[in-house]
Every structure is written in C-alpha cells, then in structure tokens.
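Protein chains in written order, with this note's numbering: chain F, 6 to 241; chain D, 6 to 241. Even for Gly, the Cβ is constructed at its ideal location relative to N, Cα and C. Just so we're clear, the structure is a prediction, and the values are computed from it rather than from any experiment. Worksheet: one structure, shown below.
There are 2 protein chains.
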Amino acid sequence: MLSDVMEDYLKAIYALQQESDDPVATSAIAEYLDVTPPTVTSMVEKLEERELVEREKYKGVELTDEGETVALEVLRHHRLLEAYLTEHLDYSWSEVHEEADTLEHHISEEFERRVAELLDDPEVDPHGDPIPSADLAPIEDDDTTPLSDRDEGEAVVVARVSDRDEAELQYLSDAGITPGTELVVRDVAPFGMVTVGVGGEASGDDEQKGRGEAEQSLPEDVARSIRVRSAVEEVA
Amino acid sequence: MLSDVMEDYLKAIYALQQESDDPVATSAIAEYLDVTPPTVTSMVEKLEERELVEREKYKGVELTDEGETVALEVLRHHRLLEAYLTEHLDYSWSEVHEEADTLEHHISEEFERRVAELLDDPEVDPHGDPIPSADLAPIEDDDTTPLSDRDEGEAVVVARVSDRDEAELQYLSDAGITPGTELVVRDVAPFGMVTVGVGGEASGDDEQKGRGEAEQSLPEDVARSIRVRSAVEEVA
DNA sequence: TATAAGTTTTAGACGGGTCTAAACGCGGAC
DNA sequence: GTCCGCGTTTAGACCCGTCTAAAACTTATA
Chain F
6 MLSDVMEDYL KAIYALQQES DDPVATSAIA EYLDVTPPTV TSMVEKLEER ELVEREKYKG
66 VELTDEGETV ALEVLRHHRL LEAYLTEHLD YSWSEVHEEA DTLEHHISEE FERRVAELLD
126 DPEVDPHGDP IPSADLAPIE DDDTTPLSDR DEGEAVVVAR VSDRDEAELQ YLSDAGITPG
186 TELVVRDVAP FGMVTVGVGG EASGDDEQKG RGEAEQSLPE DVARSIRVRS AVEEVA
Chain D
6 MLSDVMEDYL KAIYALQQES DDPVATSAIA EYLDVTPPTV TSMVEKLEER ELVEREKYKG
66 VELTDEGETV ALEVLRHHRL LEAYLTEHLD YSWSEVHEEA DTLEHHISEE FERRVAELLD
126 DPEVDPHGDP IPSADLAPIE DDDTTPLSDR DEGEAVVVAR VSDRDEAELQ YLSDAGITPG
186 TELVVRDVAP FGMVTVGVGG EASGDDEQKG RGEAEQSLPE DVARSIRVRS AVEEVA
C-alpha cells in the first residue's frame, strides 16, 4: 500500500513532467509540495525502491509506467471529485480543489465507480482538465497551448484553467473567463502581460449575460496557466 | 490537529463507554481497534496529554467533555456519510460502513454542512443510529433496549441495528429485519437465542411485500446488537 | 494472606515523514 | 583547466503509530 503522501509525490512528479519533459529536479518537487529538498531526496529513494520512479543522482527523477499509472489513478479521483462536488454538492468552481485534494486519497474504487457512473463518465473536470479514463491509459496530448504563447489578433476559446490557485481561479471566474469562454488577444506586452477581449458564450448558466464584451489584462503567469485552443478549431 | 488514528481511538472509547459506563479498559480498546494493548497504552497517554481523556493507570480511561465532543464530531461525519452514500450514491444498507469509516476523517466542515443540508438534517442514519446535531450536544438516551433483553410475547419495533459487522447486516437485511420492522418475540432460549416473528412494515420501499410473516432465530450476540422499542410506544 | 493468573505498563525497536546542518558534486566563469 | 557557487545528498534528529518481550501491578483464589 501507498501512503497518501507518496501519492502526492507521484502526482507532483507527474504534473512537473508535463511541464518540461526533462527529468524532474529535487528542488522542483520540494517547491511544488512545500517541503525541503532533503525530504524529497529521502522520499524519492523510497519510491525508487518500489519501482515507481527512476532516479539518477543529482539529475532528477522520472515516473516509471507503474508510477504513472498510480499518478493517473489519483488524478482520476481528483478530477472526478471536482466534477462531482461541483455538480451534486453545489461547490463553486473555485472552492472545489482543496476538498478533492484530500478526498482523492481516501475514496474506494467502488466510490470512484459510482461517481463516474452518476456523472456519465465525464471527460473533463470543471476546470477543463481531462479526466483519466477508468483503464488509466496515459492522457494524450491535447490541442491546447498556453494563452501566453498566443499572438495579437488571435481568437481563441478557453479550454483549461489551472486549479492550483484558488484566488486566481476566483478572479478569472469573476472576470467571466471559464472553460468555453471566447477570447480575442488584443495585446501582448513585452513583459508578457496579455490583454484579451472577453467574448460571449461563457460556459454554464451563470448570470453573465448582458455584460457585453470586456477587456481584461492578465499577468504573464496567469496567462500561462490558461490553456486555449484556436477558435476556428471549435467547429470540429 | 488530531490524526485520524486519534479520532478512531476517541470514537472507540465513546462507543465502549456507551456499553458499560465504567472506565474503558485498555484491552477493550485494543480489541475494538485491532491493535495490541501496549499500543493502546501509548496512545491514551498522548490523548491524556491533550486532555481528551482522563486516565487512571491500570484502571481505564474516560473521555473528557472535549474528547466527547471530538467523538461526536466524528460520529456525525460517519452517520451523515452513511445516510448520504445510501441516498445519493446508491450504496446498499450493508456496504456503507467501511467507506464512511475512512471518509469521516477527511471531509471538511463545509462538506459536512452541505451534506446535512442536502439530506435536510436527518436525525438517524440508515442503521437507525442517531446522528449528533451540528452543535455536537451529547446524544440523549433513547427509549430502546437490546432485543436480547426482551421477553416472550412482546411486540416491538426495530429501532437500530449495529453497523459493525457487514455480513450480519446483510443477513438481517435479507431476513427483512431493518429499522422500522415489527417483531414479535416468540421464544428466548436459555442460551440467549431469540426467535422472533417478522411482521409487516419493513421500513423503506424494498420489494419485501407479499412475503407474509416469517419466523427468524437470532443468536444472542446478534439479538443484542438489535435495539428495539415497544410497539405500543410507536403511536407517539 | 500469599500466590497464581491475567491485565497493564515499560522498554526498546522499526518504518514513515519531516527537519537542520554539513558534506558533496556538477557546471559555469575566469 | 581550475575553482567557486548552487543544488543535492548524507547524517542525524524527532514525533507518530505500531510491534514484541519483559516487568509491574491487580485481583481472584487457595
């Protein structure tokens, strides 16, 4: 059996691996999980013994296939819970993450199955993040890119918003930027700030009608946490 | 903060205190939680330091008011979860306990609040056990007694069934004995076995109709785990 | 009332998860 | 090509929750 802390490490390594493809550095994990580097070293040694990660001293770690499967299992729990809490327990878009972060380690397979069934096997969670399938097959790359990589004039649709920062999420939600929202990139400042026009079609049924189009400036790190796809592709 | 293990100890001490009123013995806790007595000793020492229990060496422990409040909080979580899982996630009467036993330590106060609201502040869980109120006031004694204490000829209504043993629960469920079921005590054997006639009105909407009255013999320990109230009092 | 039987506690060990302090190694700068 | 700095690992400590083995206590009994 794996402790919930071990699951957190695997989830963290998985997330960091998505961002860069290089082996994940000790310090990156330490920062992500808010522990000290020596703590990470000792933990990854244990994970290595269990063959959940491969490690090269002073270089970094990577998940083994088995480690990735565990990470996907936890991620599936997390995202199913986010969807469930939002749809059935009236949690708001932004407050769901913390609850799911704890519960993901403690629900049974039976619970997972029943929630998935009740939600009709959703493919994405409320933030737009893909939910790993029940067979835990690796998630395929999607066609999204960070908003910060887009150029002026492009019309895009919000696909995913990082769920790591509740305040940021609340801010974006208030600004009407949620998965499904259409954006037009108005300006990209040299220091990375992106100004967008917020278009119609916010996803969902909030009272965001009649607000008309608005401009919104987003600091670079916020823009990087928003993943979008080109508006034209939406037809598919 | 309290670990989930500490919460389990407090819950165990609470449950054992209900059964006897005497200070709870180390060995009783050890058996209840399936650990060794030395483990219990070291744990209750820690609980004593935190003023959650009062302890007299070689005698036993009792919950302080604070300890009882914690136990009631955990019990509230447990029983709300049992009710919730049964009503909203289609869990059967007998499989609910294990899931609730884990989740009770990990749901937030917010989750508790929302579940209670959704269920319209239920007073009992699916086993008939009273759910502590949100203010965690001590549970008042109810008017139930173990079926094993009843005499031949008495007509009673099932109020509560212990949720500690899933197989037993399944058995009783199959026999049509659930909270709300009317029973008549037919015979009490010298060795404690109780034979009852299972009457109409099973609680709920299962397909238990048309089965007619049946006789059912219950070993003494099973009969002791079923709490009943006199049928006449039901009018109130 | 002395002793045996049974329960409880003490002593000491271990793995998990974390820390701080100090030693180590890698890669860039000179 | 050597050295310095920063990131990483080693060393050693601590608390939690658990165990086994052995000592201490309580109680029932002879």
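For F:E12, the closest alpha carbon among the candidates F:D27, F:E24, F:V75, F:G181 is that of F:V75.
Non-local beta-carbon contacts of D:V166 in its own chain, meaning distances under 8 Å to residues more than five positions away in sequence, involve H132, G133, L174, L177, I182, T183, P184, S230, I231, R232 in chain order.
Between F:T69 and F:L77, the C-beta spacing is not below 8 Å. Taking a contact to require three or more Cβ pairs closer than 8 Å, the stretch 185-201 of chain D and the stretch 146-160 of chain D qualify as touching. Counted as a single uninterrupted DSSP element, the stretch harbouring F:R155 is not any beta strand (DSSP E), since DSSP gives it neither H nor E. For F:I34, the secondary structure class from DSSP, reduced to helix, strand or coil, is helix. Contact of F:F196 with chain D is not assigned, every C-beta pair being separated by 8 Å or more. According to the DSSP assignment, F:I18 belongs to the alpha helix (DSSP H) that extends over 9-25. Contact note: F:L7 does not reach chain D at a C-beta cutoff of 8 Å; the least C-beta distance is about 15 Å. A contact is defined here as three or more CB-CB pairs under 8 Å, and the stretch 78-85 of chain D meets this definition with respect to the stretch 132-151 of chain D.
Counting only residues of its own chain and dropping the five nearest sequence neighbours on each side, F:Y37 has a CB closer than 8 Å to the CB of A17, A20, L21. D:S178 is outside the set of residues whose beta carbon lies under 8 Å from a beta carbon in chain F. Going by DSSP, D:G72 is part of the alpha helix (DSSP H) stretching over 70-93. Under the DSSP assignment, F:A105 falls outside any beta strand (DSSP E), being part of the alpha helix (DSSP H) whose first and last residues are 101-108. When C-alpha distances from F:L85 are compared across F:Y14, F:E122, F:Y63, the shortest belongs to F:E122. Inclusion of F:S113 and D:E109 in the CB contact set at 8 Å is not warranted, their separation being larger than that value. The beta carbon of D:Y89 sits closer than 7 Å to the beta carbons of V120, L124 from its chain, once the five residues preceding and following it are set aside; these are given in chain order. The C-beta of F:D9 has fewer than 16 other C-beta atoms within 10 Å across all chains shown, which makes the residue exposed.
The beta carbon of D:H83 sits no closer than 8 Å to any beta carbon of chain F. At a cut-off of 8 Å, the C-beta of D:H102 has no neighbouring C-beta in chain F.
Residue contact check for D:S113 against chain F: a CB pair falls below 8 Å.
Scanning its chain for C-beta atoms nearer than 6 Å, with the 5 sequence neighbours on each side dropped, one finds around D:V45 the residues T31, I34, A35, in chain order. Inclusion of F:V199 and F:A180 in the CB contact set at 8 Å is not warranted, their separation being larger than that value.
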